[in-house]
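Asker: I have a structure I would like to understand better, so I am pasting it below and will then ask my questions one at a time.
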Amino acid sequence: MLSIIVLGTAAGGGVPQWNCGCDNCQAARTSHAELRATQASIAISTDRSNWFLINASPDLRQQLTETPALHPRTLRHSPVAGVILSNGEVDAIAGLLTLREGAAFNLYGHRRVLDLLDANPIFNVLKRQLVPRRPIEADTAFEPQLPDGTPSGLEILPFVAPGKAALFVEDTSANEDGDTLGFVIRDQASGESFVFLAACAALTPEVETYLRGAKLVFFDGTLFTDDEMIRQGLSQKTGRRMGHMAMVAAMPALEALGIERKIFLHINNSNPALMPGAAERQAVKQAGWQIPADGMEITL
Ligand code: MLT
Ligand code: MN
Ligand code: ZN
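For the sequence shown, position 144 (counting from the first letter as 1) is numbered 1590 according to the working numbering, and the numbering increases by one without interruption.
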């Protein structure tokens, strides 16, 4: 059995974002508290006892508090057995700082992402004897381990997604393969699997091979249209420039891939599909896609 808990659904900044007065953020603060969302992360487990996080969001402390499955079961304990990083953005790594306090877990990431952690001494708060940094490679499946070395029963196949270097190194670092990964995540016992691809700048034939026929895909839902942040006066950047493919491009592109269940993740506060009743939300539903809420659970 493969258990998935969606800890957070929002893109960087969350909903509402601290400095944003857009329609969604204002509504989330006032009339539509149900729009509030923490930054994207999921937890996965084969036994509901030991859990691996895909990314550690800046909201991780709140997410752990609100998720009973992730509460300590003894005086000093955590069900969090490991963290697997798909990229090095702040919204994927800052939650690692929440996981200090001397607990052991395994930290997996591409060399490109681990290099960012290695270059930032604040992450040394996670002592390497307790939190070993384990490099993963594209197209090489690995089995995450519990802190004591016990195999997890998961098999994770990382693959290169079209993306970019983290925002905070954009000026100093050229983009390279490995900056952004997708994962095919499989329960070895049951064979059930799903795909995590919460950042994807474009759908290439290569990426399609990992998505085709999938039972479940979490896909990049940052923006509804490529230029929405420009049109709303929030930013000068397109989605593509930020490494994100817009929903209006993703929906037709994934249509023919025979995916059973499609869920958008990493949804930016500017995205009009967040608003209940909006035409954009209807369009998403019509196309067979789901907009999740924090805390949603799925069992495969
Ligand atoms: C992104 O996914 O584009 C980043 O989270 C941007 C950011 O860190 O603000
Ligand atoms: Mn992000
Ligand atoms: Zn906003």
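Idealized CB from N, CA, C, for every residue including glycine.
What I want to know is whether the C-beta of N1552 ends up closer than 7 Å to one or more non-hydrogen atoms of the ligand ZN.
Answerer: Position 106 of the sequence shown holds residue 1552. Every heavy atom of the ligand ZN is 7 Å or more from the Cβ of N1552, so no.
Asker: According to the neighbour-count rule (16 or more other Cβ atoms, all chains shown, within 10 Å of its Cβ), is D1740 buried or exposed?
Answerer: Translated into positions along the sequence shown, residue 1740 becomes position 294. So D1740 ends up on the buried side.
Asker: Does the beta-carbon of N1570 have 16 or more other beta-carbons within 10 angstroms, so that it is buried, or is it exposed?
Answerer: Locating residue 1570 in the sequence shown gives position 124, counting from the first residue. By the neighbour-count rule (16 or more Cβ atoms within 10 Å), N1570 is not buried but exposed.
Asker: So, are the CB atoms of S1639 and N1496 less than 8 Å apart?
Answerer: As a working note, residue 1639 is residue 193 in the sequence shown. As a working note, residue 1496 is residue 50 in the sequence shown. No; because the gap between Cβ atoms is not below 8 Å, this pair is not in contact.
Asker: Looking only at its own chain, which residues have a Cβ that is under 6 Å from the Cβ of A1549, when we skip the five neighbours before and after it?
Answerer: In the sequence shown, the residue the question calls residue 1549 occupies position 103. Contacts found: S1524.
Asker: Please confirm whether G1628 and Y1656 have their CB atoms less than 8 Å apart.
Answerer: Stepping through the sequence shown from its first residue, residue 1628 is reached at position 182. Stepping through the sequence shown from its first residue, residue 1656 is reached at position 210. A contact, by the Cβ cut-off of 8 Å.
Asker: With DSSP run on the structure shown, which of helix, strand or coil describes V1630?
Answerer: For the purposes of this step, residue 1630 is taken as residue 184 along the sequence shown, with counting starting at 1. The answer is strand: DSSP assigns V1630 an E or B state.
Asker: Could you tell me the boundaries of the alpha helix (DSSP H) in which R1658 lies?
Answerer: Residue mapping note: residue 1658 aligns to position 212 of the sequence shown, counting from 1. Unbroken run through R1658: none, as it is neither H nor E.
Asker: For L1510, report the span of its alpha helix (DSSP H) as first-last.
Answerer: As a working note, residue 1510 is residue 64 in the sequence shown. L1506 to T1511 is the extent of the alpha helix (DSSP H) around L1510.
Asker: Mapping DSSP to helix, strand and coil, what is P1597?
Answerer: Residue numbering aside, residue 1597 sits at position 151 when the sequence shown is read from its first letter. Strand, per DSSP.
Asker: Confirm the yes/no value for this check: CB of A1457, any heavy atom of the ligand MN, distance under 7 Å.
Answerer: As a first step, residue 1457 must be located in the sequence shown, where it is residue number 11. Flag set: Cβ of A1457 near the ligand MN.
Asker: Look up P1604 in the DSSP assignment and say whether it is helix, strand or coil.
Answerer: The count along the sequence shown starts at 1 and reaches residue 1604 at position 158. Strand, per DSSP.
Asker: With respect to 7 Å, is the separation between the Cβ of Q1396 and the closest non-hydrogen atom of the ligand ZN below this value?
Answerer: This structure leaves residue 1396 out entirely; the chain is present only between 1447 and 1746.
Asker: Flag D1633 as yes when its Cβ comes closer than 7 Å to any non-hydrogen atom of the ligand MN, and as no otherwise.
Answerer: Within the sequence shown, residue 1633 is the residue found at index 187, counting from 1. The answer is no for D1633.
Asker: Is any heavy atom of the ligand MN found at a distance shorter than 7 Å from the C-beta of D1505?
Answerer: Residue 1505 sits at position 59 when you count from the first residue of the sequence shown. The answer is no for D1505.
Asker: Please confirm whether N1533 and A1647 have their CB atoms less than 8 Å apart.
Answerer: Translated into the one-based positions of the sequence shown, residue 1533 becomes position 87. Translated into the one-based positions of the sequence shown, residue 1647 becomes position 201. Not in contact: N1533 and A1647 (Cβ atoms no closer than 8 Å).
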